[in-house]
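K.L.:
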Amino acid sequence: MTTVILATSHNPWAPLPTTVGWDELGDGSLFHAQKKAGKDPEDVWKDPRQLRTEYRRSVEYSIRSLTDYVAEYGDEDTVLVFLGDHQPVPAVVGNHVSRDVPISVVAHDPKVMDRVSGWGWEEGLKPGKKAPVWRMDSFRDRFLTTFGP
37 MTTVILATSH
47 NPWAPLPTTV
57 GWDELGDGSL
67 FHAQKKAGKD
77 PEDVWKDPRQ
87 LRTEYRRSVE
97 YSIRSLTDYV
107 AEYGDEDTVL
117 VFLGDHQPVP
127 AVVGNHVSRD
137 VPISVVAHDP
147 KVMDRVSGWG
157 WEEGLKPGKK
167 APVWRMDSFR
177 DRFLTTFGP
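Quick note on my numbering: the sequence shown kicks off at 37 and runs consecutively.
1. Assign Trp58 to one of two classes, buried (16 or more other C-beta atoms within 10 Å of its C-beta) or exposed (fewer than that).
2. As an exercise, report each continuous beta strand (DSSP E) stretch of at least 3 residues that is fully enclosed by the segment 72 to 122, in chain order.
3. Given a threshold of 16 other Cβ atoms within 10 Å of its Cβ, counted over all protein chains shown, does Glu112 qualify as buried or as exposed?
4. Less than 8 Å separating the beta-carbons of Tyr91 and Val128?
5. What are the start and end residues of each continuous alpha helix (DSSP H) run of 4 or more residues lying completely inside the segment 117 to 168, in chain order?
6. Is the separation between the beta-carbon of Pro138 and that of Pro163 shorter than 8 Å?
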């Protein structure tokens, strides 16, 4: 089991790294040049429209990184749980939004999805309007009960 924290979707959302092949990553030093060439976070925060755009791009980058990893290295036993830890700042989403964040379970093995079929979830990474909403501890307990010993 691995926990991967995708910091690109956290403030300041710029500069956003360019996706590189897993075999090109090396020690990560290639990102130093990308940082210098990217957008300045102070400039991004001055323009609300640009701020929302860069936030969206950062989430897209995070999801693409996970799905690319699974496509390259995942196998029939790979299970991913995507979950947000909080909503973005009000400058991105406004002041009157819920604190709900999406959770998705991604698996190749249909038996995994069969075990969560009673949860009322829908296919895809974007929950529908009627998707159930659970507190994080409720999800954890349900997940561990479903997949634990």
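No residue lacks a Cβ here, since even glycine has one placed at the ideal position from N, Cα and C.
P.N.:
In short:
1. Looking up residue 58 in the sequence shown gives position 22. Exposed, by the Cβ-count rule.
2. 115 to 119
3. In the sequence shown, residue 112 corresponds to position 76, counting from 1. It counts as exposed.
4. Here residue 91 is taken as the residue at index 55 of the sequence shown, counted from 1. Here residue 128 is taken as the residue at index 92 of the sequence shown, counted from 1. Yes. Within cutoff.
5. 126 to 129, 146 to 151
6. Sequence index remark: in the sequence shown, residue 138 carries index 102 (1-based). Sequence index remark: in the sequence shown, residue 163 carries index 127 (1-based). Cβ atoms of Pro138 and Pro163: closer than 8 Å.
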